[in-house]
Amino acid sequence: MTEAAAAARGSDLARARPKAATPPAATAEETRQLAETAREFARRELEPHASGWDRERAFPAGAVRGLAELGFLGLTVPEEEGGSGFGTAGYCAAVEEISRAVPALGLLLAIHNGPVTHLVRTAGRASARERWIPALASGEALGAFLLTEPDAGSDVAAIRARARRADGGWRLDGVKAWVAGAGVAGVGVTFARTPRAPAEGRTRDLAAFVVDLGGPGVRAGAPEETMGLRSLPVGEVRLDGATVPEDALLGEEGAGFDLAIGALSVGRLGVAAQALGIAGRCLDLAVEYASERRQFGRPVGEFQGVRLPLAELAARVEAARALLERTATERDAGAAPGEVTVRAAMAKLLAADLAMACATQAVQAFGGYGYVTDYPVERFFRDAKACQLYEGTNEIQRVVIGRRLFGA
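Residues in the sequence shown are numbered consecutively from 311, following the working numbering.
So this is what it looks like as structure tokens:
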């Protein structure tokens, strides 16, 4: 992306962004303008290269710099703190549009703007916020979320990483798995057990820390050979005596579990937006192809076996987007965290399943062409599956919703 193009797009974003302070929020019109800016950037700077990045497993560092120049890495940070001043609704709108072109970059935006920036802003000490928020908001440092471990996925309470007090701070030891952005992220929010005796259950000794991923004792492993989302490295991060200062602790020493649950709610909204981007793009591609492909003397889109499944999916996309927009708007307006948690689980569940359904139907509409790499629906099909797995599998989302239904 040229500097002139970045400046032009940056001025568009500046006109779109609100002047509100805390909590940052945008009007519907400002969010619409933000989405248009994201869609135009995706069309010009991402779509022409998406297949190549996927094929070569190449991280698009230049495109990420372009997003940073536009303010897309500081969407949830107020302007006075160095961000672009959009709230949850704007964050979700941007993630959806970028995911229509490169879902891997949509995931990067979702994690960076969502759980990572959220926790540093809301639970970090003043000195940690002063150090990391400007770097996150400007894109100087990409954020990663280090929660999952080889034996602790959905069961957060099974985390084994350890944090012990050291001279002037903490020493961290452990292995984090499936870290999106491993090797390219500069700052991570990680979770570990402290020597503090748990007051109740298995979660009261968990703590959260903000960690310089370029510091001593931190090492990223080789990227996993993933089925999809190939342009964002995913892998292990090892903490071998990594030392962090005292102010790296987020919240209180035993608050790690509660912080993780709150951060996951924000992250699930981002994943729901990513999934809707995939779903919407697959639907558009299927309709376009079915309108042009002719069999038996007419476009295949005129056959009910092709048209009616796509019509049903179109209705479901609109319904899922309405739930996501409502949840994001209510979160910006100060809705109770419990309500946000359950609605975020609902949005993620519906949108992730819908992404897979739309990708499957798009491949079917393309017929044999949908099974080859020459057409983007094959790539979106591989990307869609991941939405049902991370930020809590869809089975976990059902558990969260069921607990609320029965008053747990």
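The beta carbon of each residue, even a glycine, is placed where N, CA and C say it ideally should be.
{"query": "Could you tell me if residue 707 is buried or exposed, where buried requires 16 or more neighbouring beta carbons within 10 angstroms of its beta carbon?", "result": "buried"}
{"query": "How many angstroms separate the CA atom of residue 549 from the CA atom of residue 455?", "result": "14 Å"}
{"query": "Have a look at the DSSP bridge pairing and note the partners of residue 480.", "result": "475 and 554"}
{"query": "For the candidate residues 385, 389 and 465, whose alpha-carbon lies nearest to that of residue 702?", "result": "465"}
{"query": "Cutting at 6 Å between CB atoms, please list the residues of its own chain near residue 552, excluding the five before and the five after it.", "result": "482, 527 and 528"}
{"query": "My output table needs one value for residue 674: the three-state DSSP class, helix, strand or coil.", "result": "helix"}
{"query": "With a 10 Å radius around its C-beta and 16 neighbouring C-beta atoms as the bar for buried, classify residue 340 as buried or exposed.", "result": "buried"}
{"query": "Leaving out five residues before and five after residue 566 in sequence, what residues of the same chain have Cβ atoms less than 7 Å from its Cβ?", "result": "501, 516, 517 and 518"}
{"query": "Roughly how many angstroms lie between the CA atoms of residue 683 and residue 537, to the nearest whole one?", "result": "13 Å"}
{"query": "May I ask you to report which of helix, strand or coil DSSP gives residue 515?", "result": "coil"}
{"query": "Just to confirm my understanding: we take residue 570, look at its own chain, exclude 5 residues before and 5 after, and list those with CB closer than 8 Å. What are they?", "result": "457, 466, 501, 516 and 518"}
{"query": "Which residues does DSSP pair with residue 501 in a beta bridge?", "result": "518"}
{"query": "Throw me the rounded Cβ distance for the residue 484 and residue 470 pair, which I believe falls under 8 Å.", "result": "6 Å"}
{"query": "With distances taken from CA atoms, which of 336, 415 and 672 is nearest residue 373?", "result": "415"}
{"query": "The alpha helix (DSSP H) spanning residue 569 covers which residue range?", "result": "566-602"}
{"query": "Smallest Cα separation from residue 660: which of 399, 606 and 697?", "result": "697"}
{"query": "Could one say the Cβ of residue 420 lies closer than 7 Å to chain D's Cβ atoms, at least one of them?", "result": "The displayed structure is made up of one protein chain only, and chain D is not part of it."}
{"query": "When the distance is taken between beta carbons, is residue 676 closer than 7 Å to residue 599?", "result": "yes"}
{"query": "Just to confirm, is the Cβ distance from residue 634 to residue 665 under 7 Å?", "result": "no"}
{"query": "Give me whichever residues DSSP pairs with residue 459 in a beta bridge.", "result": "462"}
{"query": "Where does the unbroken beta strand (DSSP E) through residue 530 begin, and where does it stop?", "result": "528-530"}
{"query": "Check whether the region 377-395 and the region 419-438 touch, using three or more Cβ-Cβ pairs below 8 Å as the test.", "result": "yes"}
{"query": "Does DSSP classify residue 543 as helix, strand or coil?", "result": "coil"}
{"query": "Enumerate in chain order the residues of its own chain whose CB-to-CB distance from residue 601 is below 8 Å, with the five nearest sequence positions on each side excluded.", "result": "609 and 611"}
{"query": "If contact is defined by three or more beta carbon pairs under 8 Å, each pair taking one atom from either stretch, is the region 490-504 in contact with the region 644-656?", "result": "no"}
{"query": "What are the start and end residues of the alpha helix (DSSP H) that includes residue 401?", "result": "398-409"}
{"query": "Rounding to the nearest angstrom, what Cα-Cα distance links residue 331 and residue 591 in this structure?", "result": "Bear in mind that the predicted position of residue 331 carries a pLDDT of just 33, short of 50, making it too unreliable to give a figure here."}
{"query": "Determine the burial state of residue 605: buried for a count of at least 16 other Cβ atoms within 10 Å of its Cβ, exposed for fewer.", "result": "exposed"}
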